[in-house]
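Residue numbers (the working numbering): 59 to 164. Presented below is the structure to which this report refers.
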């Protein structure tokens with residue numbers, strides 16, 4: 059339970075990323091830019107920040123992937139399912155990289 063509490067601020071940032079930013083989509087080009095560049099960068103940054111503070115937790119990547127799923131029904135079409143897996147992988151990589159810089163007491 060303590061791990062989930064530590065994840066909440068970072069998952070809130072991801073929720074803003076997944077549910078507020080798509081409101082900026084105006085055309086296909088802006089949608090592609092958002093889904094292929096902006097969201098993955100923010101996803102990587104949040105995961106790296108979490109990893110840097112709390113270490114490596116694969117559950118964070120799973121939570122990010124699951125958090126994206128409802129936005130598919132709100133903003134995108136069913137072909138966006140693959141982005142859920144992609145964002146999970148990006149957050150796993152970011153979390154792993156960030157955990158390399160985590161300072162844990164010995």
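Beta carbons are placed, not taken as given, at the ideal position from N, Cα and C, and that holds for glycine. Note that the structure is a prediction, hence the values are computed from the model and not measured.
Distance from the CA of residue 138 to the CA of residue 130, rounded to the nearest whole angstrom, comes to 6 Å.
In the structure shown, residue 111 adopts helical secondary structure according to DSSP, grouped into three states. Between residue 102 and residue 151 a beta carbon distance of about 7 Å is seen, short of the 8 Å cut, so the two are scored as contacting. Rounded to the nearest whole angstrom, the CA to CA distance from residue 159 to residue 145 is 22 Å. Here residue 134 carries a coil assignment [DSSP, helix/strand/coil]. For residue 108, the closest of 60, 65, 59 by C-alpha to C-alpha distance is 65.
For residue 67, the uninterrupted alpha helix (DSSP H) run begins and ends at 60-77, by DSSP. In the three-state scheme derived from DSSP, where H, G and I count as helix and E and B as strand, residue 160 is classed as coil. Residue 97 sits in a helix when the DSSP states are folded into three classes.
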